[in-house]
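S.K.:
Numbering (our numbering), first residue to last: 12 to 120.
#1: Take every Cβ of the segment 50–66, pair it with every Cβ of the segment 23–38, and state whether three or more of those distances are shorter than 8 Å.
#2: Can you check the segment 58–105 for any beta strand (DSSP E) of at least 3 residues that lies completely inside it and give the ranges in chain order?
#3: Over the uninterrupted alpha helix (DSSP H) stretch that includes residue 37, give me the two end residues.
#4: Pop quiz: residue 47 and residue 116 are said to be a contact at Cβ under 8 Å. What is the actual Cβ separation, rounded to whole angstroms?
#5: For residue 107 and residue 82, I'd like the C-alpha separation in whole angstroms.
#6: Consider the C-beta atom of residue 18 and the heavy atoms of the ligand SAM; say whether any pair is separated by less than 8 Å.
#7: By the DSSP assignment, the beta strand (DSSP E) with residue 42 in it spans what residues?
#8: Between which two residues does the beta strand (DSSP E) holding residue 116 run?
#9: For residue 102 and residue 58, what's the separation of their Cα atoms in angstroms?
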């Protein structure tokens, strides 16, 4: 009986981790042009070395690991996040949504 409980708990943990990273967030669209970004604030959540290779001057740069402690710097307006892959997009959108920030879209560089 204890073994079944442990297996169930591990299964729930694995499901939660897979959900956070790989299940797409509904309602966040991919931005393809600068005109869609004009009214929103750009937030670049890529790592420092990725920002150096493909910089975006108009964006507020806060890498994902620093987002929890610096989310107060982000205005509560609509934001568009700049990401390098879909896993980073999913994690960032979920984290910002929990803090009350509305993510309008994402730009994958």
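Glycine included, every Cβ here is placed at the ideal spot set by N, Cα and C.
Just so it is clear, the structure is predicted and the values come from calculations on it, not from any experiment.
M.R.: Taking the structure as given:
#1: no
#2: 89–94
#3: Segment: none, residue 37 is in no alpha helix (DSSP H) and carries neither H nor E.
#4: 7 Å
#5: 8 Å
#6: With respect to the ligand SAM, the structure shown offers nothing to examine, as it has no ligands at all.
#7: Note, residue 42: premise wrong, no beta strand (DSSP E); not H, not E.
#8: 113–119
#9: 14 Å
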